[in-house]
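Numbers given in our numbering equal positions in the sequence shown, counted from 1, plus 1. Backbone N, C-alpha and C fix where the C-beta goes; we use that ideal spot for every residue, glycine too. I have placed the structure first, in the form of structure tokens, so that the comments after it can refer back to it.
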Amino acid sequence: MYTIEYKGNFGVMIELKKLLAEKIACVVKECFGVSMQTSDIFSSFEYPPDDSMGDLAYPCFKLSPVLRKGPNVIAQTISEKFVYPELAKAEALGGYLNFFISDDYYSDNIVPGILKKGKDYGKLDLGKGGTVVLDYSSPNICKPFHVGHLGSTVIGHSIKKLHEFVGYKCVGVNHLGDWGTQFGKQILAYKMWGDKKTVEEGGVDELVKLYVRFHQEAEDNPELNDQARLEFHKLETGDKENTELWKWFVELTLAECNRSYSRLGIEFDSYAGESFYTDKMPAQVEKLKKSGLLKIDNGASIVDLSEYNMPPCLILKSDGSTLYPTRDIAAAVYRYNTYKFDKCIYVTSSQQKLHFQQLFKVIELMGYDFADKLVHVSYGTISVDGEKLSTRAGNAVLIRDLIDSAVTKVKEIMKEKSPDLENPDEVAEQIGVGAVVFYYLMNDRIKDTNFVMSEALSFDGNSGPYAQYTYARTCQLLNKAKVSATDKLVIKEKSERDLAKVLSKFSEAVLSAVKDYEPSDVTRYILDVCTAFNRFYHDCPILNAEDENVAATRVALTKATNTVLGNALPLICMKTPTKI
Ligand code: ARG
Numbered sequence: 002m003y004t005i006e007y008k009g010n011f012g013v014m015i016e017l018k019k020l021l022a023e024k025i026a027c028v029v030k031e032c033f034g035v036s037m038q039t040s041d042i043f044s045s046f047e048y049p050p051d052d053s054m055g056d057l058a059y060p061c062f063k064l065s066p067v068l069r070k071g072p073n074v075i076a077q078t079i080s081e082k083f084v085y086p087e088l089a090k091a092e093a094l095g096g097y098l099n100f101f102i103s104d105d106y107y108s109d110n111i112v113p114g115i116l117k118k119g120k121d122y123g124k125l126d127l128g129k130g131g132t133v134v135l136d137y138s139s140p141n142i143c144k145p146f147h148v149g150h151l152g153s154t155v156i157g158h159s160i161k162k163l164h165e166f167v168g169y170k171c172v173g174v175n176h177l178g179d180w181g182t183q184f185g186k187q188i189l190a191y192k193m194w195g196d197k198k199t200v201e202e203g204g205v206d207e208l209v210k211l212y213v214r215f216h217q218e219a220e221d222n223p224e225l226n227d228q229a230r231l232e233f234h235k236l237e238t239g240d241k242e243n244t245e246l247w248k249w250f251v252e253l254t255l256a257e258c259n260r261s262y263s264r265l266g267i268e269f270d271s272y273a274g275e276s277f278y279t280d281k282m283p284a285q286v287e288k289l290k291k292s293g294l295l296k297i298d299n300g301a302s303i304v305d306l307s308e309y310n311m312p313p314c315l316i317l318k319s320d321g322s323t324l325y326p327t328r329d330i331a332a333a334v335y336r337y338n339t340y341k342f343d344k345c346i347y348v349t350s351s352q353q354k355l356h357f358q359q360l361f362k363v364i365e366l367m368g369y370d371f372a373d374k375l376v377h378v379s380y381g382t383i384s385v386d387g388e389k390l391s392t393r394a395g396n397a398v399l400i401r402d403l404i405d406s407a408v409t410k411v412k413e414i415m416k417e418k419s420p421d422l423e424n425p426d427e428v429a430e431q432i433g434v435g436a437v438v439f440y441y442l443m444n445d446r447i448k449d450t451n452f453v454m455s456e457a458l459s460f461d462g463n464s465g466p467y468a469q470y471t472y473a474r475t476c477q478l479l480n481k482a483k484v485s486a487t488d489k490l491v492i493k494e495k496s497e498r499d500l501a502k503v504l505s506k507f508s509e510a511v512l513s514a515v516k517d518y519e520p521s522d523v524t525r526y527i528l529d530v531c532t533a534f535n536r537f538y539h540d541c542p543i544l545n546a547e548d549e550n551v552a553a554t555r556v557a558l559t560k561a562t563n564t565v566l567g568n569a570l571p572l573i574c575m576k577t578p579t580k581i
């Protein structure tokens, strides 16, 4: 789906690849009399495993079948005729053409290209105005907003930002878990043991306590479950008192979630949760019936998926009440009709893999041709300091508490490190939140994460603080610099070139992050930029460079780094403090 089109306005490394592809095509024509598609050459470039083999490589065995010659001969012939010193030097090695990009090309094109594009640097035009719906965070009402939802929240938001960055219109949907029989239990528990003032003050924490008590008491007194069913039935049929209570519970839970969202800089375009689909489900159930997909099994209505090696998808319980999948069917249809999406992405933990496989299959069987536009993006489990967490075991860690403890620790560190900062609380908040998010988004999403606070907060390790610190360093250097950035650079030093090279690859990190729904591609890229910049900073005096040209070159490199980090950090939900 995401091949970079040969035409179009892309990142600087991609532009260089285009130029090289054109030149290779010229040389092939000249030496072998064969016309090649430049776009084919373009898409075959690889990055060599180490620097000594150049900056880019072209595998000549791709040409062998067309040219009817061995890759070694082809590589050798092309390298001899490849004389474009302003671009790159070509060397033949083991059937590959290895290209060493010239210092001039870095100086005249790559770095000035980054500076010219500025805020737009790294953007791609893949989306072409198409729409992507993202269903993420989606907490459950009356439940603690714990770190199990951190993944959906930050991975989802990052994937949204990434899609916006490559030209999609995005709709962020918080599909609240605000419907289901558990609300009967919650209402009953409140009516029996709750107290308005305590719940008002204690918020969702109090609601959770009531819910836990319900389950304890129902063990000895199972009739409570029947009463709860009745309360839910009353809610479903519009009973005034129960509706008011339910609305209040939703508000209280959202107030808690919103506090964390605002710290993370997250907003949603829609909060249409499960309850929103109450009046939209009957039509879908009807359609399922009409198309002969619905089977009765022990009184319940199901869609048999054994043909596809999946357990049945439950549509209605034996008492006729709807279920999680029923609401998701109605939601998908509603979203398609409302937004005409090109993709609808669901971000949840991998425990829901089967649910989405079943859901997508049922939607396909129902004949909806948007079924192939639905994508499930899953992620692994999270533990904190090695402890597996679960609400049931009572050791769930709240997102709020995790962020709070990061911020508190950052404050302590900052008191020592930067005692003169004007706005220490604001900066500590940005770094604390950033540390949590960065740590989480550093690993492949599908891997399980063990959150170790000391690692997340390490200022000189691979961490959020380290990335933000590097960004702030570029800001401070640019403030202090006496010369301005030049677009006529003279790149000479290895660490200058290495930095320019990393900076040139931003679009490619973005592309792979979008293609694989993998924010960690950007996180790790940010670390590469920071490492390259800090090495450059260590090796090359910037403010005290030997002459003005050299200084202007280094300021330009600093500015380009500032641009890349400034554009990249928000893609993974990170703030960009200018002074730390
Ligand atoms: N509320 C669900 C949970 O916490 C996640 C909802 C995901 N979105 C969806 N459309 N099913 O597990």
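- For Gly95, the closest alpha carbon among the candidates Thr132, Pro49, Lys493 and Asn110 is that of Pro49.
- When the five nearest sequence neighbours on each side are left out, the beta carbons in the same chain lying within less than 8 angstroms of the beta carbon of Pro425 are those of Lys412, Met415, Lys416 and Ser419, in order along the chain.
- Residue burial annotation: Ile79 is buried, with at least 16 other C-beta atoms found within 10 angstroms of its C-beta.
- Taking a contact as a CB-CB distance under 8 angstroms, the pair Gly168 and Leu125 counts as one, their CB atoms being some 7 angstroms apart.
- Taking 7 angstroms as the cut-off, one finds no heavy atom of the ligand ARG near enough to the beta carbon of Gly368.
- Exclusion of Asn175 from the 7 angstroms shell around the ligand ARG follows from its C-beta lying no nearer than that to any non-hydrogen atom of the ligand.
- For Asn175 against Tyr272, the beta-carbon gap comes to about 5 angstroms, under 8 angstroms, which counts as contact.
- Per DSSP, reduced to three states, the secondary structure at Tyr380 is strand.
- The DSSP-derived three-state label of Cys345 is strand.
- The beta carbons of Lys82 and Val28 sit closer together than 8 angstroms.
- Cβ-Cβ separation between Lys344 and His377: approximately 11 angstroms, too far for a contact (criterion under 8 angstroms).
- If you draw a 10 Å sphere on the C-beta of Thr199, you find fewer than 16 other C-beta atoms in it, and that means exposed.
- The three-state reading of DSSP puts His539 in helix, counting H, G and I together.
- Residue side-chain check: Ala332 places its Cβ nearer than 7 angstroms to a non-hydrogen atom of the ligand ARG.
- A direct Cα-Cα distance of roughly 29 angstroms separates Phe534 from Ser45.
- Short of 6 angstroms from the beta carbon of Gly465, and not among the five residues preceding or following it, lie these beta carbons of its own chain, in chain order: Gly435, Ala436 and Phe439.
- Residue pairing by DSSP places Leu458 in no beta bridge whatsoever.
- In this structure, Val453 sits near Asp386, with a CB-CB distance shorter than 8 angstroms.
- Residue side-chain check: Ser139 places its Cβ nearer than 7 angstroms to a non-hydrogen atom of the ligand ARG.
- For the ligand ARG, a non-hydrogen atom lies closer than 7 angstroms to the CB of Asp136.
- Residue pairing of Lys576 in beta bridges, as defined by DSSP: absent, with no partner found.
- Taking the Cβ of Tyr272 as the reference point, every heavy atom of the ligand ARG lies at 7 angstroms or farther away.
- When the five nearest sequence neighbours on each side are left out, the beta carbons in the same chain lying within less than 7 angstroms of the beta carbon of Asn226 are those of Ala219, in order along the chain.
- In this structure, Leu442 is the residue among Lys170, Leu399, Gln358 and Leu442 with its C-alpha nearest to the C-alpha of Gly152.
- Restricting attention to Leu211, Lys318, Leu360 and Phe371, the CA atom closest to the CA of Thr339 is found in Phe371.
- In the DSSP secondary-structure assignment, Ala89 is bridged to Tyr85 and Ile102.
- Taking 4 residues as the shortest admissible run, the stretch 421-451 contains the following complete alpha helix (DSSP H) segments, listed from N- to C-terminal end: 425-441.
- Taking 7 angstroms as the cut-off, the C-beta of Tyr59 does not count as close to any heavy atom of the ligand ARG.
- Ranking Thr254, Leu265 and Ser138 by CA distance to the CA of Pro571 puts Leu265 first.
- Distance from Arg230 to Thr279 at the Cβ level is roughly 17 angstroms; contact not present, criterion being Cβ atoms closer than 8 angstroms.
- Counting only the Cα atoms, Phe146 lies some 14 angstroms from Lys210.
- By the Cβ test, the stretch 469-479 is in contact with the stretch 546-565, since at least three Cβ pairs between them sit closer than 8 angstroms.
- Here His539 is exposed: its Cβ has fewer than 16 other Cβ atoms, across all protein chains shown, within 10 Å.
- In the three-state scheme derived from DSSP, where H, G and I count as helix and E and B as strand, Asn463 is classed as coil.
- In the same chain as Pro140, and ignoring 5 residues on each side of it, the C-beta atoms closer than 6 angstroms to its own belong to Phe146, His150 and Cys258, in chain order.
- Note that the stretch 542-554 does not touch the stretch 508-516; fewer than 3 beta-carbon pairs, one per stretch, sit closer than 8 angstroms.
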